[in-house]
Amino acid sequence: ENFMVDGGPPLDNLGRILETYRVVQHGVSLSIASTDPLDFEYLARLKKLCAFTQTPWFSDHLCWTTAHGTHYHDLLPLPYTSEYARFIAEKARIVQDFVELPFALENLSSYVGFQSSEMTEWEFYREVVERADVHFMLDVNNVFVSSVNHQFDPHAYLAHLPFDRVAQVHVAGHLELPNGTLLDTHDHRVKREVWDLYRSVHERTGGVSTILEWDANFVSYEETVAEAMVARAVQQSTAASGVDSP
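First residue of the sequence shown: 404, per the working numbering; consecutive thereafter.
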């Protein structure tokens, strides 16, 4: 969204980046789970930016951020029902068809659940992406954060995901509150438990790319690279072990 403008410094800076690096687009404002209709003005600006960056795919979160025209500036959870899965899948198909690029939806970290939910989070996500025929953006830290907050087995979560649809993997750090609740803050180093899950994910995805997210409490460039190299070491050790992706 920071670059969905008609010109100026943001696009000038992005243009210089594109001279050297390939980028992929990831958003936070699509609000695909909102009961509000899709914002086609937003989608038109998104499509224009995709053409500028030549992104191979684009992604956003399986959540809602708006309701009745009001923007809540957060990635908000939803009840896991078949009706809601069908509703979101239809919108996801429309988004992918409109932008004319592969589209991926990312799993959230969540802090509340709904009594009306009819299925697990992983069953819901799988139903949405398979119904919509879109891709899955797998955030490993979000899986771990939600597993602690909702007391489920993160390995059971992974065991039921459609890994053939995973477009990319995200890892990040989180904050633990005094009451034990975990917050997906992107401002700490990745925890050992998340790296353990990442290893399991990489065994299933093989060459899928990984993004290390870090949004605040920044460390030095050298320390950031060292953290990214942990992911590289996991990838190399997985390859050396001869594990084949299913």
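Even glycine gets a Cβ: it sits at the ideal position worked out from N, Cα and C.
In this structure, DSSP gives residue 585 an extended state, which the three-state scheme calls strand.
With a 10 Å radius around the Cβ and a threshold of 16 neighbouring Cβ atoms, residue 539 comes out buried. Nearest C-alpha to residue 504 among 590, 524, 537, 469: 537. In its chain, beyond the 5 residues on either side, 563, 564, 565 have a beta carbon closer than 7 Å to the beta carbon of residue 529.
The stretch 538-553 makes no contact with the stretch 408-416: fewer than 3 CB pairs, one atom from each, lie closer than 8 Å.
Comparing C-alpha distances from residue 404 to each of 428, 420, 419, 416 shows the shortest one belongs to 428.
Nearest in C-alpha terms to residue 558, of all of 568, 546, 494, is 546. Between residue 502 and residue 461, the CB-CB gap stays under 8 Å. Per the C-alpha coordinates, the member of 424, 475, 448 positioned closest to residue 434 is 475. Restricted to the stretch 531-588, the beta strand (DSSP E) segments that are unbroken, complete and at least 3 residues in length are 538-542, 569-575, listed in chain order.
Under the DSSP assignment, residue 456 falls in the alpha helix (DSSP H) whose first and last residues are 443-456.
Exposure of residue 580 is indicated by the presence of fewer than 16 other C-beta atoms within 10 angstroms of its C-beta. The Cβ atoms of residue 605 and residue 594 do not sit closer than 8 Å to each other. According to the DSSP secondary-structure assignment, residue 463 is paired through a beta bridge with 508. Counting of Cβ neighbours within 10 angstroms places residue 480 among the buried residues, the total reaching 16 or more. Burial state of residue 500 is exposed, judged by a 10 Å Cβ sphere holding fewer than 16 other Cβ atoms. Residue 605 has no beta-bridge partner at all, per DSSP.
Burial is judged here by how many other beta carbons sit within 10 angstroms of a residue's own beta carbon; residue 491 has at least 16 and is buried.
In this structure, residue 542 keeps its C-beta atom at 8 Å or more from the C-beta atom of residue 589. Annotation for residue 497: the continuous alpha helix (DSSP H) segment containing it runs 485-502. Counting only residues of its own chain and dropping the five nearest sequence neighbours on each side, residue 608 has a CB closer than 7 Å to the CB of 566, 569, 572, 648. Per the C-alpha coordinates, the member of 511, 641, 631, 438 positioned closest to residue 586 is 511.
Under the three-state reduction of DSSP output, residue 478 falls in the strand class. For residue 601, the number of other beta carbons within 10 angstroms of its own is at least 16, and it is reported as buried.
Within the DSSP secondary-structure output, residue 470 pairs in a beta bridge with 473.
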